[in-house]
Structures are given as C-alpha cells and as structure tokens.
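Peer 1:
Number of protein chains: 2
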Amino acid sequence: MSEAKKHDHSALVDKLHRELPGDKKLCDLADLFKIFGDTTRMRILFSLFESELCVCAIAELLEMTQSAISHQLKVLKDNRLVANRREGKTIFYFLADDHVRKIIEQGYEHLTEDEHHEKII
Amino acid sequence: MSEAKKHDHSALVDKLHRELPGDKKLCDLADLFKIFGDTTRMRILFSLFESELCVCAIAELLEMTQSAISHQLKVLKDNRLVANRREGKTIFYFLADDHVRKIIEQGYEHLTEDEHHEKII
DNA sequence: CTATCATATGAATACACATTCATATGAACG
DNA sequence: CGTTCATATGAATGTGTATTCATATGATAG
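Quick note, the sequences are listed as chains A and B, same order.
Mind the numbering: the first sequence is residues 44 to 164 in my numbering, read in order.
Mind the numbering: the second sequence is residues 44 to 164 in my numbering, read in order.
Right, dumping it as structure tokens:
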C-alpha cells in the first residue's frame, strides 16, 4: 500500500475522474454558455424573441454600430443560435431554435430566485 | 411627418425598445451565463454534480493548482452557484441549487442537437 | 456599368479576466 | 504559542475578445 499522505482522496478522485464527461464536451458546453455571456449578444437575442429583424434595425434598437452588431451576429450564427434569410438587400435574422429561449429562461429563473434572497437582507 | 429616410423602422424599433427588459436585467443575465462560460468553472460544477468535495480534492481531480481552483470557487460562490460548509480545516463545496443542473442540462441538449446536424453532413 | 444601400470582414486597440506566484488567514494539535 | 495543514487572496502577467475604423462584398435601381 502507498503511504497515505496528508488528506488522501485518491479513491474518490479516481472514481470521479472516470465519471466526468470528456474535456471536449465540457469545453463545447463552456463555449456555448460563453456566447450567452455577453450583454450585446444577450440584447440581440432578446430583440429576436418576438420577431425576426434586419441588421440595421437591431443596430438602431440597441443604439450600436452596424459593424459591432454584424460581428456579434456572426458569432451567434456560427454557433447556430440564430439563422438568417435574405430578402433583396436586406438580411433578416431570427432565433435558430427553441433551446435558445429555454436556456435564457432558465437563467432568468435563477436570477429572480436570487432577488428573493436579496429582499431578505 | 418626418421625412422617411432610407429603410425606416422607427415604429418597430420604438415598440421593441419599450418591450426589451431593462439593461440591468440583461446585464445580470449575461453575467450569469459568463460564469458558465469557462471550462474550469464548468468542470468544477460537473465535479460537484454527484457529491460535495473539498478544495484540494477538486484540484487533484482537475489536475490544477489549489489557488486556481480557489479563485474560481470564489467566483462561483459570489454568484450563488455553489455554497460551502466547514468541517475542521476542510471546506466542502456543493452545488447551491437545482437551477445549476437545469441550466447546464439545457445547454447539453442544444449541443447534442447540433451533433445530430453534423452527422447529416 | 455605376451609384447606392445593406451587410460583412480584417486589422488594430483596449479592456476583461484566468492563472501563477507569493503570502495571508484560520483551524487543529502538541 | 508555534507548527502544520487547508484554504484564501492580492498583484502581476498573459491571453482572449468586443468594439472601432476602414474597406470589401453583394444586391438593386437607373
């Protein structure tokens, strides 16, 4: 037997090490949440909650540069959170699927629960 | 009436502007997701899915510095995603509530749906 | 084909933040 | 108390990335 060092958890650690999802999965998951972790992108997603919008409408709404919006829309599209369709010169963006709404709603719930906590203080 | 400029959406933009959640809410929400948007924090959260763990167990499991883990645990705790309890010298961390699990699971679902897409290609 | 409108994109800049290193706190034990 | 173990924390560093600026693409109208 190996001499037990200070505070040995090798057994537990080994077990958990086998159970943890692969690094690829965890990294992908973190990358997904990273997309939601930016105020501009979050505001864009909320803008698209009700209806599709063209790029310049989003830019006006959020009072930001067309370029800034366009860059972020690319990030959102590359990660399949939004999709777009062309109509003449205009390109309309819309939410890609319902997961986007669900993920955001879950986050919202956590927040409101926190407010509950703050009231007590 | 104001002269309609090129591509006028002022009506739609005004309407949406009133409907959008306040900047504080959106910022808080983005900040929440930002927490999940880091591989180390995601791995820590997954480590705690099954059972509570002390800091050095997490550090061993993830093969990272105690300091790095401690810094991230602070972030997680400040945002109420984990909580801790003391037992002598040791401090055990655990998931604060079920929202954490739900949020992560929603993200996971979105990912697996994407894999579906990739298979078709 | 040229001008214009809508959008995309590359490079540069500026800022946020994860990790490291050194050190501090804090509990238990002799 | 002084030492040791477990954890926390402050400052410095390096990396990632959001925005800006300038410019490119791409569609439409004349």
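Backbone N, C-alpha and C fix where the C-beta goes; we use that ideal spot for every residue, glycine too.
This structure is a prediction, so every number in the text was calculated from the model and none was measured.
Could you say which of Met107/B, Leu91/B and Ser53/B lies nearest to Phe137/B if we only look at CA atoms?
Peer 2: Leu91/B
Peer 1: At the level of alpha carbons, what is the spacing between Asp20/A and Ala73/A?
Peer 2: This structure leaves residue 20/A out entirely; chain A is present only between 44 and 164.
Peer 1: So if DSSP puts Arg128/B in a beta bridge, which residue, or which two residues, is it bridged to?
Peer 2: Residue pairing by DSSP puts Arg128/B in a beta bridge opposite Phe135/B.
Peer 1: For Glu130/A, which option in Cys97/A, Glu156/A, Arg61/A and Lys117/A has the closest C-alpha, if you only look at C-alpha atoms?
Peer 2: Cys97/A
Peer 1: Comparing the C-beta of Glu103/A with each C-beta of chain B, is any distance below 7 angstroms?
Peer 2: Closer than 7 angstroms to some Cβ of chain B, the Cβ of Glu103/A qualifies, so yes.
Peer 1: Short check: CB of Asp71/B to CB of Leu154/A, under 7 angstroms?
Peer 2: In this structure, Asp71/B sits near Leu154/A, with a CB-CB distance shorter than 7 angstroms.
Peer 1: Roughly how many whole angstroms lie between the Cα atoms of Leu104/B and Gly150/B?
Peer 2: 23 angstroms
Peer 1: Give the single residue among Glu152/B, Asp141/B and Ile147/B whose Cα lies nearest to the Cα of Glu156/A.
Peer 2: Asp141/B
Peer 1: Rounded to the nearest angstrom, what separates Ile147/B and Ala102/B at their Cα positions?
Peer 2: C-alpha separation (whole angstroms): 21 angstroms.
Peer 1: List the residues of chain B that Tyr151/A touches, going by C-beta distances under 7 angstroms, in chain order.
Peer 2: Leu72
Peer 1: Between the C-alpha atoms of Leu116/B and Lys145/B, what's the straight-line distance to the nearest angstrom?
Peer 2: 20 angstroms
Peer 1: Could you tell me which chain B residues have their CB closer than 7 angstroms to the CB of Phe192/A, listed as they occur along the chain?
Peer 2: The structure shown does not extend to residue 192/A, since chain A is modelled only from 44 to 164, so the question has no answer here.
Peer 1: Assign Lys77/A to buried or exposed, taking buried as 16 or more other Cβ atoms, counted over all protein chains shown, within 10 Å of its Cβ.
Peer 2: buried
Peer 1: Let me make sure I understand the geometry here. Which of Ser94/B, Ala126/B and Ile87/B has the alpha-carbon closest to that of Met107/B?
Peer 2: Ile87/B
Peer 1: If you run the structure through DSSP and keep just helix, strand and coil, what is Leu96/A?
Peer 2: strand
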